[in-house]
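Add 1 to a position in the sequence shown, counting from 1, and you land on the number used in the numbering used here. Take a look at the structure set out below.
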Amino acid sequence: MKKITLLSVLALALAFTSCDFETQAFKDMRYQRDSIQHLQQTQLDELLGYMDIVQNVDSSFEAIRESQNMLSMVSYDESGNQSVKQRIEENIYMINNLLAENNNKIAELEERLNESDLKNTKLQNTVRRLKRDLEAKNKEITNLYKELEAKNFQIDSLLVENKISNQRAAELQALSETQLAQLNAQDAAIHTAYFFMGTKKELKANDINVKDKDSGYRTNLFTPIDIRTFDRLETDSKSAKILTKHPEGSYELVRDAEKKYTLVIKNPENFWNASKYLIIQIK
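Below, the structure written as structure tokens:
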């Protein structure tokens, strides 16, 4: 009877061991599957990004083609018409601008493909096709300009270049202003701290518990301040206690003639390094 019991125990132990092994093997397979799916999704997102650039370039070529058709239909008799001249100038400006943009987009696409682990022959062939189309389009535009000059239309290339330069300058200025706004926002966030001052009852009512490390403070309950200029806070109370932890010597609670406390921050860097939140309990 004991022998049978021992064998049963061994069999049961073996079964559990086998079960654990299969579970780990299943986990490994699932991890492998998830990794493959993640890689496939990443490559798909990357491919969609490339195709978006290709679509933009092709759309630009179509817009250039329409402007070419308009310029090709201009006759010699219209050479003195000022409105026609203005239309021609606007179309030439647009064509040159689109050609420059396409050149940059194709170069960006080619660079990203060279740096990518994604090896897609069809996409590489598409990039080569776009480069050929761009080269052919440049030649077509050069010939078109010659045709216009033969019809007595003098193309002021310097004026066109100045227009393009002015637009790019405006775009760069807009970009710089956006970047400056972002930097200012980041700078403000870095130098922003928050304080809450209230009685014990008010602290409890707002569920502000300094001892509970896991409870995050709701910023909307606090007053934001700029730590670069904020160096004192009048409590208007004869009883004041700093509940948040800040280094000794970095601040001082000073009493005035009416024995009301004012918080004086003597070393802002040390004071706010400990915490960007300041909680003061008053009576």
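Cβ coordinates follow ideal geometry from the N, Cα and C atoms, glycine included. Note that the structure is a prediction, hence the values are computed from the model and not measured.
Cβ pair residue i, residue j closer than 8 Å
i: LYS277; j: ALA186; result: no
i: ILE191; j: LYS106; result: no
i: ASP227; j: ILE266; result: no
i: LYS205; j: LYS239; result: no
i: THR245; j: VAL211; result: yes
i: ALA241; j: TYR262; result: yes
i: ILE243; j: ILE281; result: yes
i: LEU100; j: LYS138; result: yes
i: GLN69; j: GLU136; result: no
i: PHE197; j: LEU234; result: no
i: ASN274; j: GLY250; result: no
i: LEU1; j: LEU124; result: Residue 1 cannot be examined here, being either before or after the span of the chain that is shown, 2 to 284.
DSSP-derived helix/strand/coil call for residue i
i: PRO248; result: coil
i: GLU323; result: No answer is possible for residue 323: the residues shown for the chain start at 2 and end at 284.
i: THR200; result: coil
i: LYS260; result: coil
i: ILE228; result: coil
i: THR220; result: helix
i: ILE209; result: coil
i: THR236; result: coil
i: LYS140; result: helix
i: LEU159; result: With a pLDDT of 42 at LEU159, under the threshold of 50, the modelled position of this residue cannot be trusted; read the value that follows with caution. Reduced to three states, the DSSP call for LEU159 is helix.
i: ASN268; result: coil
Bridge-paired residues (DSSP) for residue i
i: VAL255; result: THR263
i: ILE283; result: ALA241
i: ALA194; result: ILE226
i: TYR94; result: Paired residue(s): none; TYR94 is not in a bridge.
i: TYR278; result: TYR195
Selection from the options that minimises the alpha carbon distance to residue i
i: GLN236; options: LEU135, ASP257, THR127, ASN57; result: A quick correction: the sequence has Thr, not Gln, at residue 236. It is ASP257.
i: PRO248; options: ARG229, TYR262, THR263, GLU270; result: GLU270
i: VAL58; options: ASN103, GLU47, ILE89, ARG113; result: ASN103
i: LYS86; options: GLY199, LEU184, GLU150; result: GLU150
i: ASN121; options: ARG133, ASP134, GLU112, LEU48; result: LEU48
i: LEU72; options: SER60, ILE89, LYS201; result: ILE89
CB contact check: residue i to chain C, cutoff 8 Å
i: LYS205; result: Note that chain C does not occur in the displayed structure, where there is just one protein chain.
Problem set entry | the region 90-100 / the region 61-73 touching (three or more Cβ pairs under 8 Å) | yes
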